[in-house]
Every structure is written in C-alpha cells, then in structure tokens.
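The end of the sequence shown is residue 221 by the numbering used here, with every number in the run present. Data block below; observations after.
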Amino acid sequence: MEQRAELVFEFKRLKKGKTSQNAYLGDSGLERFVTGQYSAGQSVALMCGVLLDDHANIVPGIRLALDGLVTHLAKVAHTSGAYQHSPSSLFPPAAEFDMEHTRPASLPLLTGQFV
Numbered sequence: 107m108e109q110r111a112e113l114v115f116e117f118k119r120l121k122k123g124k125t126s127q128n129a130y131l132g133d134s135g136l137e138r139f140v141t142g143q144y145s146a147g148q149s150v151a152l153m154c155g156v157l158l159d160d161h162a163n164i165v166p167g168i169r170l171a172l173d174g175l176v177t178h179l180a181k182v183a184h185t186s187g188a189y190q191h192s193p194s195s196l197f198p199p200a201a202e203f204d205m206e207h208t209r210p211a212s213l214p215l216l217t218g219q220f221v
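In structure tokens, the structure reads:
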C-alpha cells in the first residue's frame, strides 16, 4: 500500500517590532495552525519565519512571547519538558526551533514550525 504525505509550508516575513510579531503569532499566523484554518487534512505543516531584520531584534522576542502562549496555541511538550525544540528536531541545523501543537480531533494532531 502506497502512503503519500504532503509537506505544507507557510512563510512569514518578520521585521523587528510588535506588528510583525503579532502577525506571526496571532490569528493570521500560528493560531491558524491550531484551529485548522491552515493545512486542514495535513499531518505536518510548517510556518517559516524569514528574517528581514537582525536576528537579535526578532527571534528572542518571538520565543519569549511563545512561552506565554502554551495553552492558547495548544503546544505539546517535548520529552525534555520544553515546548520549543531547539535546535529544530525537524530541520537541524537550518531551523533554530520547532514546536508541536494539538488540533481538533477532526484534524491531524501534529503541526510544526520554525524560525
């Protein structure tokens, strides 16, 4: 029996500042992965952050904000107990981190993203 999988990517351009961070984290960003508005029917989907400004002005703030969204984004803890897998368990060393999220029962359970 042949199994087929599709790998879905969404790319978000990230600049320093709250507007860019909110777009990445909010209802037009990661939240769509969890609710199923994005990648419905796919077992794995990835949101990739494309940095348009300096790493130090973008990534630490996003990672800190993600720490406060564990429940809201239905994050699943890694075997280490951390919610952010760093370096990425999916694409090391190219991706800095990834996460897993639960989704409604009618959708696949795993989705990930990285910056």
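Ideal Cβ placement from N, Cα and C applies to all residues, glycine included.
Whole-angstrom distance between residue j and residue i, CA atom to CA atom
i           : j           : result
residue 202 : residue 129 : 19 Å
residue 185 : residue 110 : 27 Å
residue 168 : residue 151 : 19 Å
residue 149 : residue 123 : 32 Å
residue 207 : residue 166 : 20 Å
residue 156 : residue 200 : 12 Å
residue 225 : residue 158 : This structure leaves residue 225 out entirely; the chain is present only between 107 and 221.
residue 189 : residue 204 : 9 Å
residue 117 : residue 182 : 22 Å
residue 196 : residue 145 : 18 Å
residue 194 : residue 127 : 20 Å
Residue i burial status per 10 Å Cβ neighbour count (16 or more: buried)
i           : result
residue 160 : exposed
residue 217 : Low local confidence applies: a pLDDT of 44 at residue 217 is under 50, so the model's placement there is unreliable, with the coordinate-based value given in what follows. Its Cβ being crowded by 16 or more others within 10 Å, residue 217 is buried.
residue 107 : exposed
residue 131 : buried
residue 78  : Because the chain spans 107 through 221 in this model, residue 78 falls outside it and cannot be assessed.
residue 187 : exposed
Nearest to residue i (by Cα), restricted to the options the options
i           : options               : result
residue 180 : 121, 167 and 210      : 210
residue 125 : 152, 164 and 204      : 164
residue 142 : 114, 191, 120 and 189 : 114
residue 153 : 120, 182 and 199      : 120
residue 147 : 192, 112, 196 and 198 : 112
Given 8 Å, three or more beta-carbon pairs between the region 137 to 144 and the region 167 to 174
Counting Cβ pairs under 8 Å, fewer than three are found: no touch.
Ranges of the beta strand (DSSP E) found wholly within the region 125 to 193, counting only runs of at least 3
Secondary structure within the region 125 to 193: the beta strand (DSSP E) runs of 3 or more consecutive residues, fully enclosed, are 151 to 157 (chain order).
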